[in-house]
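> There's a structure below that I have some questions on.
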Amino acid sequence: MSSLRKCCSTLAQIIRLPVAPLRFNATLEPATVPTVYAQFTKRHPRYKLIRSKTLGAALIDVGALDTRKKYLDGIKGKNNGAYHAARARKRGYVCKEIDRNAYVDDIHDINMSEDSRQGRPMDKAYTEKRERFDVLGNFRYYGVLNPAGRLVAYATFGMYGNFGAFSQLMGHRNNDGIMHLLIVDVVCRQIDEGELQYIMYDTYFGAQPGLRQFKTILGFKPYRAKYSLQSPP
Numbered sequence: 044m045s046s047l048r049k050c051c052s053t054l055a056q057i058i059r060l061p062v063a064p065l066r067f068n069a070t071l072e073p074a075t076v077p078t079v080y081a082q083f084t085k086r087h088p089r090y091k092l093i094r095s096k097t098l099g100a101a102l103i104d105v106g107a108l109d110t111r112k113k114y115l116d117g118i119k120g121k122n123n124g125a126y127h128a129a130r131a132r133k134r135g136y137v138c139k140e141i142d143r144n145a146y147v148d149d150i151h152d153i154n155m156s157e158d159s160r161q162g163r164p165m166d167k168a169y170t171e172k173r174e175r176f177d178v179l180g181n182f183r184y185y186g187v188l189n190p191a192g193r194l195v196a197y198a199t200f201g202m203y204g205n206f207g208a209f210s211q212l213m214g215h216r217n218n219d220g221i222m223h224l225l226i227v228d229v230v231c232r233q234i235d236e237g238e239l240q241y242i243m244y245d246t247y248f249g250a251q252p253g254l255r256q257f258k259t260i261l262g263f264k265p266y267r268a269k270y271s272l273q274s275p276p
């Protein structure tokens with residue numbers, strides 16, 4: 044019965060989800076943006092009647108936040124995202140845009156630091172060392188450096204149109220708040236630039252409870268996404 048109640052509760056939450064229009068703009072990177080659009084809108088592997096990243100997309104409406112202070116005020120308080128990010132800064136960690144090719148060894152060390160993440164074995168693409176990373180024009184690359192200048196966490200962030208999305212988020216496991224700092228800093232940078240309406244961190248309902256809580260304390264909320272694709276003229 045508890046399982047049934049949980050299912051009904053999730054269904055009721057889905058029905059009440061706000062709608063977010065997420066618009067892909069192929070002119071940003073004509074060779075790759077339409078491919079990502081196809082991935083986001085393909086049929087769900089288990090629930091064939093819905094699209095893959097439609098129900099419960101984990102989003103922050105940064106367009107409604109004209110200053111980073113509004114975002115930080117929404118996630119302040121003990122054990123919330125801003126608290127952990129500030130704790131990491133106090134311990135000497137710094138987040139900045141990076142050239143991944145300057146941190147090839149550090150990235151491999153991060154990827155190999157855990158045998159599994161979120162209950163799943165590490166994908167082979169992460170366990171094989173990359174000697175060179177491509178740079179895409181619609182992507183930003185961020186990293187967290189420790190006080191010694193070593194990369195301890197990194198993120199790849201795609202700019203797709205009126206929204207951006209984290210495609211990779213990886214870091215060493217510690218209790219210093221480095222992943223909170225990474226996400227908070229990226230979100231704040233996007234608010235400052237004012238180019239995006241939404242920031243996505245995959246989906247909400249499909250995440251493990253720990254990851255769902257992590258997204259929540261960083262300000263992400265579930266939405267029903269409606270995708271469209273603007274093609275080059």
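Here the sequence shown is numbered in the numbering used here, starting from 44 and rising by one per residue. Just so you know, even glycine gets a beta-carbon here, dropped at the ideal spot from N, CA and C.
In this structure, how does DSSP classify Met44 when only helix, strand and coil are distinguished?
Within the sequence shown, numbered from 1, the residue matching residue 44 stands at position 1. The predicted position of Met44 is uncertain, since its pLDDT is 44 and thus under 50; a value taken from the coordinates is nonetheless stated next. Met44 falls in the coil class under three-state DSSP.
> So, for His151: in the same chain, excluding its five sequence neighbours on each side, which residues have a beta-carbon less than 7 Å away from its beta-carbon?
Position 108 of the sequence shown holds residue 151. Closer than 7 Å at Cβ, skipping near neighbours: Lys172.
> Any chance you could list the beta strand (DSSP E) runs of at least 3 consecutive residues sitting entirely within the region 185-218, in chain order?
DSSP runs (the beta strand (DSSP E)) wholly in the region 185-218: 194-202 and 206-214.
> Closest to Ala125 by CA distance: which of Tyr270, Tyr244 and Leu225 is it?
Locating residue 125 in the sequence shown gives position 82, where the first residue counts as 1. Looking at the Cα atoms, Leu225 is the closest of the given residues.
> Assuming Pro265 and Tyr241 are in contact, meaning their beta carbons sit under 8 Å apart, how far apart are those beta carbons, in whole angstroms?
Along the sequence shown, read from residue 1 onward, the residue named residue 265 stands at position 222. Along the sequence shown, read from residue 1 onward, the residue named residue 241 stands at position 198. Pro265 to Tyr241, Cβ: 12 Å. No contact.
> What residues in its chain sit with their C-beta under 8 Å from that of Leu60, if we drop five residues either side in the sequence?
Taking the first residue of the sequence shown as position 1, residue 60 is located at position 17. Within the same chain, Leu60 has close Cβ partners Leu98, Gly99, Pro265, Tyr266 and Arg267.
> Is DSSP giving Met222 helix, strand or coil here?
What you label residue 222 is simply residue 179 of the sequence shown in a count that begins at 1. Three-state result, Met222: helix.
> What's the C-alpha gap between Pro77 and Met213?
On the sequence shown, residue 77 is found 34 positions in, with the first residue counted as 1. On the sequence shown, residue 213 is found 170 positions in, with the first residue counted as 1. The alpha-carbon atoms of Pro77 and Met213 are separated by roughly 25 Å.
> Among Phe176, Val105, Glu157 and Asp177, whose alpha-carbon lies nearest the alpha-carbon of Thr170?
For this step, residue 170 is matched to residue 127 along the sequence shown. For Thr170, the nearest C-alpha among the options comes from Glu157.
> With H, G and I counted as helix, E and B as strand and the rest as coil, what does DSSP make of Leu108?
On the sequence shown, residue 108 is found 65 positions in, with the first residue counted as 1. The answer is coil: DSSP assigns Leu108 none of H, G, I, E or B.
> Mind checking Val178: buried by the 16 CB within 10 Å criterion, or exposed?
On the sequence shown, position 135 is the one that residue 178 refers to. That one is exposed.
> Applying the criterion that 16 or more other CB atoms from any shown protein chain within 10 Å of the CB defines a buried residue, is Asn122 buried or exposed?
Within the sequence shown, the letter at position 79 stands for residue 122. Exposed, by the Cβ-count rule.
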